[in-house]
Amino acid sequence: MRTSDPKGGAGYPGAERGSHVMDDRHDPDAELPIKLEPCSNGEFLPLPITPVAAETIRRTRDEADRQARRLGLSRRTFLRSVAGAALMLTVLDRTAREAHGATGGRYNLPVDAASDADVARSFLGGDEFIFDVQVHYLNFDLAQPGELGVLGNLFPQKNCGETDPRACFAVDHLVEEMLLKSDTDMLVMSSIPIPGDANPLSIEDMETVKRLVTELCGRGRVLTQGQTFPSIGTAAEQLEAMRLLREEHKIAAWKVYTHAGGPPWWLDDHEAGVSQSGVAFLENVRELGPKIVAVHKGFGLVGGPNRGYADPIDIGPAAEANPDIKFVVYHSGYEPGETEGPYTPETATQGVNRLITSARTAGIGKDGNIYPELGSTWRSVMGDPTQAAHVLGKLLAEFGADRIVWGTDSIWYGSPQDQIAAFRAFQITPEFQERFGYPALTDDVKQQILSANAAALFGIAPPPAGCPAANDDGAGLRSNRTYGPVARRDVEATFTREHPWTVERTANPRVSTYP
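Numbers 628 to 1142, taken from our numbering, label the letters of the sequence shown in order.
Dropping the structure here:
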């Protein structure tokens, strides 16, 4: 374990900013250790809070008051402890079962976990290696006066508490939230779909993270992706740009968006009338290496009228045609607002089932070259144990325990520690295992998802768990801040402004328009 606080007061989340100037726009006393309120990464409209989540929050506050008084702690200190996290997951489990009669997943913690930090830590803590394959930040020049602009409004990290809200996106926040205040040990810096000089997360910005983390935590903890826009320019121009990037930087994978950052396209070029750039791109990947492609599928909002091109329909055919290339499917095709249930013929074109359908049609299953990723997806379903069981169960049953990779889409949500804790505690019920053929979510399977699969994918030997820069006190601090748009109107208002991620808009009838 990484903490030793006997009361658990600092054993889970919650650190005040040290080198940052704080203001009162963020109320730490209002924070809860597990985030269930709606929040967006800017790529989807946050849904209204569910009755189960609202009731869980109400009950957690009430019970936290009682537990805090019994332990002689303030409510804030208790909620920032590992016992506070255990309490909230226990309340969520109970509330969900009361509302639905039975659930497909459980946060089945012992009763005394809410009052005994050692018991809580045995379920929610861990010393396993954690490798997050989808991490972002935004590099603003804080020395110069300026405003957040479009991106800052799309991801209003001003809620983090900085007097200059641009600082909420900065590299120091990223390192602090990811490596010092969560149990994350290694990460992949993932690009965003903005071409050219306007991109606030360039390859040079990613290299900055690598240098800083190397100084603080040692070598080998940060991998970077090479970004390319296959539908912009000619195939020859793309090849040359990729070659130059490959020569100048040590990249671990290529990152693409088929629905944003340029005219829409597909990995398999199956649709006439749109950019036929997918096959050429994959040929470039094969020629230049590394032969790993991370592609955004699901969460289509950022594509505007091209959002339909975030459908994973092209994943199976592309993977079948290119068995030597590994495809990391960011978000696994999950789409907010589409309730996740079992895979059926009637739901084969919805949410995560779209990815399963595409893979099945291409004859790709377990031990294949498709790697579903959980960034934003796990956070979206962890407050609904039944949906969470279906998402994880379907992916495990279809692709195998050695193909699912862990990602959190941070820093858009602040520290991922609550996502890690919830995942550690979560179980798929025996009833769902028997009824739907889902595998058990054992500790070994969780370890595969949290790091072993990504380590094998990228061919790396993980460095030691834990960052040496986190001293004994600092290592015990875990942040539970959640940043990002929390209401539908916030995302809509900012998305409809000038939007740099959609370079070209189409009127393709198969693609829905932004509501």
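C-beta: ideal position from N, C-alpha, C; glycine also. Quick caveat: nothing in here was measured; it's all calculated off a predicted structure.
> Going by alpha carbons, who is nearest to G889 out of L663, H876, E875, S904?
Replying inline: S904
> So, is K953 buried or exposed, given that buried needs 16 or more other C-beta atoms within 10 angstroms?
Replying inline: buried
> How about the stretch 806-814 and the stretch 1040-1049: do they share at least three Cβ pairs that are nearer than 8 Å?
Replying inline: yes
> Going straight from the alpha carbon of V718 to that of M805, what length do you get?
Replying inline: 27 Å
> Can you name the start and end residues of the alpha helix (DSSP H) that I684 belongs to?
Replying inline: 678-698
> DSSP on Y639, reduced to helix/strand/coil?
Replying inline: Because Y639 sits at a pLDDT of 34, beneath the cut-off of 50, its placement in the model cannot be relied upon, and the following sentence gives the value as read from the coordinates. Reduced to three states, the DSSP call for Y639 is coil.
>> Output needed for T1004: all residues of its chain with C-beta closer than 6 Å, excluding positions within five of it in sequence on either side, in chain order.
In response: H958, S959, Y961
> Among residues of its own chain, excluding the 5 on either side of A1048, which ones have a beta-carbon nearer than 6 Å to its beta-carbon?
Replying inline: A712, L751
>> Less than 8 Å between the C-beta atoms of I821 and L1084, yes or no?
In response: no
> Taking just the CA atoms, how far does N826 sit from T851?
Replying inline: 15 Å
>> What does the alpha-carbon distance come out to for the pair L698 and R724?
In response: 28 Å
>> Strictly by DSSP, which residues pair up with I997?
In response: F954
> Taking Cβ positions, are A1096 and L807 nearer each other than 8 Å?
Replying inline: yes
> For K1073, which three-state DSSP category applies?
Replying inline: helix
>> If you measure between the beta carbons of S1143 and I942, is that distance less than 8 Å?
In response: Given that the chain is displayed from residue 628 to residue 1142, the structure contains no residue 1143 and the question cannot be resolved.
>> Measuring alpha carbon to alpha carbon, tell me which residue in P891, D1070, A1092, V836 is nearest G900.
In response: P891
> Would DSSP call Y1065 helix, strand or coil?
Replying inline: coil
>> At the level of alpha carbons, what is the spacing between G860 and K924?
In response: 23 Å
> What is the DSSP secondary structure of A747, counted as helix, strand or coil?
Replying inline: helix
> If we call anything under 8 Å between Cβ atoms a contact, is L982 one with P969?
Replying inline: no
> Start and end of the alpha helix (DSSP H) containing V798?
Replying inline: 798-802
> How big is the Cα-Cα spacing for M649 and S1037?
Replying inline: For M649, the pLDDT reaches just 30, beneath the cut-off of 50, and the residue's location in the model is therefore unreliable, leaving the point undetermined.
> Taking the alpha carbon of F705 as the point to measure from, which residue in V1032, A747, A729, N735 has its own alpha carbon closest?
Replying inline: A747
> Hey, how far is the Cα of T976 from the Cα of R838?
Replying inline: 43 Å
> Roughly how many whole angstroms lie between the Cα atoms of C787 and R793?
Replying inline: 10 Å
> Assuming S1007 contacts P963 under a Cβ cut-off of 8 Å, what Cβ separation, rounded to an integer in Å, is found between them?
Replying inline: 6 Å
> DSSP on W881, reduced to helix/strand/coil?
Replying inline: strand
>> Could you give the first and the last residue of the continuous alpha helix (DSSP H) run that contains Q1046?
In response: 1044-1052
>> Tell me the residue span of the alpha helix (DSSP H) that contains H1017.
In response: 1012-1026
> So, is R1030 buried or exposed, given that buried needs 16 or more other C-beta atoms within 10 angstroms?
Replying inline: buried
> Who pairs with W892 in a beta bridge, going by DSSP?
Replying inline: S902
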